[in-house]
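Have a look at the structure below before the remarks.
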Amino acid sequence: MLAIRDLRAAYDGIEALRGVSLEVQAGAMVALVGANGAGKSTLLNCLSGIVPAAAGSVVFEGEDITRVSAHKIARRGLLHVPEGRQILVDLSVEENLRLGALAARQRARRETMDTVLALFPILKDKLRQQAGALSGGQQQMLAIGRALMGEPRMLLLDEPSLGLAPLVTDQVFAALRTLNAGGLTILLVEQNARRAFLSTSWAYLLDQGTIAKDGPSAALAQDAEVIARYLGHLAAGEG
Amino acid sequence: MSFAAYQPLLDFFLLSLGFAYSQQVVLRAGVFSIATPAFAALGGYCSAILVQRYGAPAIPSVLLALVIGGVAGFLISIPLARLRGVFQAIATLALVQIVVSLAYYLEPLTGGATGIHNIPKLVNTWHLLAVVAVVIWFMYVLSRSGVGRAFDVLRQDEMVGATLGVSIARYHALAFIISGALGGLFGGLQSLYVFTIEPEMFGFAFLTAVLTYIILGGPRSVLGPIVGTAVMVALPEISRPLAEHRQFVQGAILMAMIVFLPHGLVDGLEVAWRQRQARRLDKEDREKRRAHAVAGP
Chain A
1 MLAIRDLRAA YDGIEALRGV SLEVQAGAMV ALVGANGAGK STLLNCLSGI
51 VPAAAGSVVF EGEDITRVSA HKIARRGLLH VPEGRQILVD LSVEENLRLG
101 ALAARQRARR ETMDTVLALF PILKDKLRQQ AGALSGGQQQ MLAIGRALMG
151 EPRMLLLDEP SLGLAPLVTD QVFAALRTLN AGGLTILLVE QNARRAFLST
201 SWAYLLDQGT IAKDGPSAAL AQDAEVIARY LGHLAAGEG
Chain B
1001 MSFAAYQPLL DFFLLSLGFA YSQQVVLRAG VFSIATPAFA ALGGYCSAIL
1051 VQRYGAPAIP SVLLALVIGG VAGFLISIPL ARLRGVFQAI ATLALVQIVV
1101 SLAYYLEPLT GGATGIHNIP KLVNTWHLLA VVAVVIWFMY VLSRSGVGRA
1151 FDVLRQDEMV GATLGVSIAR YHALAFIISG ALGGLFGGLQ SLYVFTIEPE
1201 MFGFAFLTAV LTYIILGGPR SVLGPIVGTA VMVALPEISR PLAEHRQFVQ
1251 GAILMAMIVF LPHGLVDGLE VAWRQRQARR LDKEDREKRR AHAVAGP
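Going down the list, the sequences are from chains A and B.
Our numbering applies: residue 1 is where the first sequence begins, and numbers increase by one.
Our numbering applies: residue 1001 is where the second sequence begins, and numbers increase by one.
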C-alpha cells in the first residue's frame, strides 16, 4: 500500500532522513520506533508532503506521491495525525470533526460522524464544547476522529501516546486496533516501544535517519539489542 | 427625534458594514490583508466614472465595480501567495498606495486630487439594506460551509490545514477574491450615494476604521462586524467629545481590545460562553458520578 525507497530529507539544513526504505502492506498495522531525534516525525511529515523530500520516492497505492503537495496527499486518503494532537482549540469538538471531512471531498459519507462517535463515545457528550477544554486523551481521540472524518485509506499517527496517562493510552490503542481490524492500514510512530510492539504486527527501528532493523513486532520485542536500546531492563525481566 | 434624523447614520453604517465584511473575510482565512481601501477605491472610481461620465445605469456599474474588485483581489493574491503576517500587511498597504496614487495621477479619468463630483445619487437606504441583507446571508452560508471551516483552520494552523486536505493557496486566493468583490461592490455603491469621490477618502483613516470594526467585533462570526461597525458608527453620535476625539477614541478602543479581548466582542463572548458551558457540564458530570458512588452499585 505504501512503499518508501531511499527517502532523504533535510530539516533546517540538518539531514534528518538518510535513505529510509520501508513498506506497509494493505491492512497492516506497522510501528516505527526510534529515539528522540531519530527522524520519525520528519519521515511522517515527508510522507504527508509537509516536508519536501530531497531524494528517493514515496509510492502510495501504486502512485508516486513524492512531489505531490500536502493537501492533495490528504485528499488521496493518506491522512496524518500530527504530533501534539494539533486540534483547533478555539473551535468546538463538532467543528473540529467537520473540518476532517474536508479531505474526503466527494468520498465524504454522512454516517462517518456516527462511526467516529461510536468509536469515541466521550466525544459525543462534548460535541458542542470547545476543543481546548478537552483533556489530553480526549484531544488525541478528537485528532484521530478528525482524521477518520476524511475517509482515510491509510492513517499516519505521530506519537498518539504522548503525554497521556497509561489508562488513556490503553483506550487510544484499543481504538486503533479496532480500526485496523476494520481494515484500515496504519503506520504508527511511537517512542513507547513496548506499547508499539504489543499492538502491531511488524515494526521498523529508525536510528539516525536510517532503518536500523525491522521484523515481526513480537520477534523484535525479544531481540537482545532492541531490549537493551529501546525497552530497558524492566522489559527484559517481563519478557 | 424622528427616524429621518438617523437615516444618514444608518446609511453610513450599512456602507461601513460592507467594508467591514471585506476586511473580515481575509482575516478569517488567516490573511493579514489591509487592501480593502484599494478595492473600495477601484470599485468607487469604476461606478463614479461610468455613471457620471458615460451616463451608465446604476446596476451594471455597481456589478462591474464588484467584478473589478474581485479580479483585483485575485491578481494580488498571486504575488502574495508566499507572504505571511506582517509582510502581507505591508504588501497590501503598498497596493492601497498604488491605487490611491493612480487616482491622483490619472487626472483625465479620475479628476486627480479634486476627484469626481456631482455623481447622480442613484442609491438609497433601501438599496443599501437589500444589498447588505444579501451580503449577510452570503457570509452566513459561507461560514457554515466547508469554505468557512477551511478558512478557520488556515487562520489557526496552515500546516494542520494542509494535512486535512485544505489547499492553502486556493483558499487564500478565494478569501482575496471575496474581499475584493465586497470592497469593490460597496465602493461602487458609496460613489452613487455620497455624490462625490476623491483619493483622500481611501487613506489611512478609512483603513484604520475598517480594521477597528473587525478587531472590535471579531474576525470569525457573522455577527462580529455588525456589532463592531454599529459601535464605532454610533460612538461619535452618543456624545460630542467622543466625536471631536474620534481618532483618539478609535486608537484607545483598538489597544484595549487587543490587550483584553483579542478575539473581539462577539467571538470573545462566544469563547467565554463555551468555556462556561464546558465547566458547567463538567461539574454536572462530577456530581452525577459522586451521587452514583454514594448510592453504590
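All residues carry an ideal CB built from backbone N, CA and C; glycine is no exception.
Any Cβ of chain B closer than 9 Å to the Cβ of residue 124/A would place that residue at the interface, and such an atom is absent. By the Cβ rule, the segment 1033-1053 of chain B does not count as touching the segment 1155-1165 of chain B, because fewer than three pairs are nearer than 8 Å. In the displayed model, residue 15/A falls within a strand according to three-state DSSP. Taking every protein chain shown into account, the CB of residue 226/A has 16 or more other CB atoms within 10 angstroms, so this residue is buried. At a C-beta separation below 7 Å, residue 98/A has these neighbours in chain B: 1149. Here residue 1217/B really is in contact with residue 1228/B; their C-beta atoms are around 3 Å apart, less than 8 Å. Per the Cβ contact rule, the segment 147-159 of chain A is in contact with the segment 98-118 of chain A (3 or more Cβ pairs under 8 Å).
Within the segment 1155-1174 of chain B, those residues whose Cβ lies closer than 8 Å to any Cβ of chain A are, in chain order, 1156, 1157, 1159, 1160, 1161, 1162, 1163, 1164, 1165, 1166, 1167 and 1168.
Runs of the beta strand (DSSP E) lying entirely within the segment 35-91 of chain A, each at least 3 residues long, are 55-60 and 78-81 in chain order.
Residues of the segment 1041-1053 of chain B that bring their beta carbon within less than 7 Å of a beta carbon in chain A are absent altogether.
Each residue's CA atom was taken as its position, placing residue 140/A and residue 1011/B some 49 Å apart. Using a CB distance cut-off of 9 Å, residue 50/A counts as an interface residue toward chain B. It is roughly 9 Å from the alpha-carbon of residue 189/A to the alpha-carbon of residue 30/A.
Shown here, residue 130/A sits in a strand according to DSSP, grouped into three states. Interface residue (Cβ-Cβ distance to chain A less than 9 Å): residue 1274/B is classified as such. The CB of residue 1152/B comes closer than 9 Å to the CB of 88, 90, 91, 95 and 99 in chain A, given here in chain order. Contact annotation: residue 1194/B and residue 1223/B have beta-carbon atoms that are not nearer than 9 Å. Put simply, the CB of residue 1278/B is near chain A, with a gap under 9 Å to one of its CB atoms. Cβ-Cβ separation between residue 1065/B and residue 1184/B: approximately 5 Å, consistent with a contact (criterion under 8 Å).
The C-alpha of residue 1009/B is placed about 12 Å away from the C-alpha of residue 1231/B. Taking 9 Å as the CB threshold, residue 105/A lines the interface with chain B.
With 16 or more other Cβ atoms inside 10 Å of its own Cβ, residue 1161/B counts as buried. At a cut-off of 9 Å between beta carbons, residue 1222/B makes no contact with chain A. In terms of beta-carbon proximity, residue 160/A stays away from the interface with chain B, with every pair separated by 9 Å or more.
For residue 121/A, no CB of chain B lies under 9 Å from its own CB, so it is not counted at the interface with that chain.
Only exposed fits residue 25/A, as fewer than 16 other CB atoms lie within 10 angstroms of its CB. Against chain A, the beta carbon of residue 1281/B has neighbours under 8 Å at 125, 126 and 129, listed in chain order. The Cβ atoms of residue 1040/B and residue 1174/B do not sit closer than 9 Å to each other. Secondary structure in the segment 1226-1271 of chain B: the alpha helix (DSSP H) runs of 4 residues or longer, each lying completely within the stretch, are 1240-1244 and 1246-1260 in chain order.
In this structure, the CA atom of residue 1048/B is about 23 Å from the CA atom of residue 1074/B.
A check of alpha carbon separations from residue 1003/B across 1108/B, 1141/B, 1027/B and 1125/B identifies 1125/B as the nearest. The segment 1138-1145 of chain B and the segment 209-224 of chain A do not touch, with fewer than three beta-carbon pairs separated by less than 8 Å. Closer than 9 Å to the CB of residue 1031/B there is not a single CB belonging to chain A.
As a beta-bridge residue in DSSP terms, residue 29/A pairs with 186/A. The beta carbon of residue 214/A is closer than 6 Å to those of 204 in its chain, skipping five residues each way along the sequence.
Exposed is the label assigned to residue 1086/B, since fewer than 16 other Cβ atoms lie within 10 Å of its Cβ.
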